[in-house]
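> Structure below; questions to follow.
Residue numbers (full-length UniProt numbering): 1 to 136.
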């Protein structure tokens, strides 16, 4: 099962607006398109939130036994930042107590609560996905 997620932000009339999209065709249809509301509304934050929504859906579907026949899940992202974060930098962040190799807080993870949520998301992706691919 491939789950595609995307996040985006744009300046509009002097303020930044952001939204996410999540899509899966089979075995269980999933289509999510919604605005997001946060303090920064950056592209990278929107990408994290889109991935978070897709992971939350998988966890919920697994808990409800909706995905009993699904043994392979691939989260597909178009963000090079998210792809690198999940495939290259994640172990360094974990070892450095969620700090970058420069010992600064990991960028684009939002406020403290959002940051804690993203740590959980990263862990869930690693636990529930068979693969992460870059689709764009």
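The beta carbon of each residue, even a glycine, is placed where N, CA and C say it ideally should be.
I want to know whether the segment 47-56 touches the segment 22-37 - three or more CB-CB distances under 8 Å.
yes
> With a threshold of 16 other CB atoms inside 10 Å of the CB of residue 111, please say whether the residue is buried or exposed.
Bear in mind that a pLDDT of 41 at residue 111, under 50, signals an unreliable position, so the number given afterwards is only what the model happens to contain. Exposed: under 16 other Cβ atoms inside 10 Å.
> To the nearest angstrom, how far is it from the Cα of residue 44 to the Cα of residue 100?
16 Å
> If I follow the unbroken alpha helix (DSSP H) through residue 106, where does it start and stop?
From DSSP, residue 106 is part of no alpha helix (DSSP H); its letter is neither H nor E.
> Contact check, residue 20 vs residue 46 under 8 Å by CB: the rounded distance?
6 Å
> Measure the beta-carbon distance from residue 28 to residue 61 and round it to whole angstroms, keeping in mind my assumption that it falls under 8 Å.
6 Å
> For the segment 7-80, list the beta strand (DSSP E) runs that are entirely contained and at least 3 residues long, ordered along the chain.
Runs of the beta strand (DSSP E) spanning 3 or more residues and lying entirely within the segment 7-80 occur at 15-24, 30-36 and 74-77, in chain order.
> What's the call for residue 26, buried or exposed, on a 16-neighbour Cβ count within 10 Å?
exposed
> For residue 164, write down the residues that DSSP places opposite it in a beta bridge.
Nothing can be reported for residue 164: it is not among the residues displayed for the chain, which extend from 1 to 136.
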